[in-house]
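> A single structure is presented below for examination.
In the working numbering, the protein residues as written are 279 to 430.
Written out as structure tokens, the structure reads:
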């Protein structure tokens, strides 16, 4: 488990939704992401005030999380990912991320985790940009790490 995941008040967690696996796979190769414009202010504020901003990715209708990454720069600092050109809606300026764990983790493995920042609903319930309470976020990342470790 990553040392900084536990006990650090300098870490914030967010759900990032993607319309398809291809965009997430491209992000894993390129180390960049662009989000919906309404998420920018929250992510910028978190990046400027926290040591770690962790983005937990889930492809819509996949019934799983695909892994998590650390935000490495502010929006507007990375080249535009090729997949952004195919979007039918606006996106934020791109930013760098560093993938920490890539593992398809079924919602059934994490459904017991409740997010206090989203009416205490299961962590798997959340819109793009939904913040995850710190202990819940750390536990979610631990389960994703366990899933990856079971594959090997």
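Glycine is no exception: its CB is placed at the ideal position from the N, C-alpha and C atoms. Note that this is a predicted model, so its numbers are computed, not measured.
Here's a check: name, in chain order, each residue in its chain whose Cβ is nearer than 7 Å to the Cβ of residue 279, leaving out the five neighbours to either side.
Its pLDDT being 46, under 50, residue 279 is placed unreliably in this model, and the value from its coordinates should be taken loosely. The answer, listed in chain order, is 420 and 423.
> Name the one or two DSSP bridge partners that residue 332 has.
Residue 332 pairs with 291 and 348.
> Could you tell me the alpha carbon to alpha carbon distance between residue 282 and residue 289, rounded to whole angstroms?
Confidence is the limiting factor: at residue 282 the pLDDT is only 48, short of 50, which leaves the residue's position unreliable and the question unanswerable from this model.
> Return the bridge partner residues of residue 472 from the DSSP annotation.
The structure shown does not extend to residue 472, since the chain is modelled only from 279 to 430, so the question has no answer here.
> Return helix, strand or coil for residue 301, following the three-state DSSP convention.
The answer is helix: DSSP assigns residue 301 an H, G or I state.
> Is the number of C-beta pairs between the region 360-368 and the region 332-351 that are closer than 8 Å three or more?
Not touching, per the Cβ criterion.
> Can you grab the Cα-Cα spacing for the pair residue 354 / residue 322, in whole Å?
Their backbone Cα atoms lie some 11 Å apart in a straight line.
> Looking at the unbroken alpha helix (DSSP H) that takes in residue 319, where does it start and where does it end?
Where residue 319 is concerned, the enclosing alpha helix (DSSP H) stretches over 318-327.
> For a test of the three-state rule: what should DSSP assign to residue 418, helix, strand or coil?
Residue state, collapsed to three classes: helix.
> Considering only the alpha carbon of each residue, which of 302, 317, 326 and 315 lies closest to residue 347?
Among 302, 317, 326 and 315, the Cα nearest to that of residue 347 is on 302.
> Please state whether the Cβ-Cβ distance between residue 400 and residue 389 is less than 8 Å.
Yes. Within cutoff.
> Bridge partners for residue 296 per DSSP, in chain order?
Paired residue(s): 337.
> Taking the alpha-carbon positions, what's the residue 364 to residue 410 distance?
Going from the Cα of residue 364 to the Cα of residue 410 covers about 29 Å.
> Could you tell me the distance, in whole angstroms, from the CA atom of residue 328 to the CA atom of residue 320?
Approximately 12 Å between the Cα atoms of the pair.
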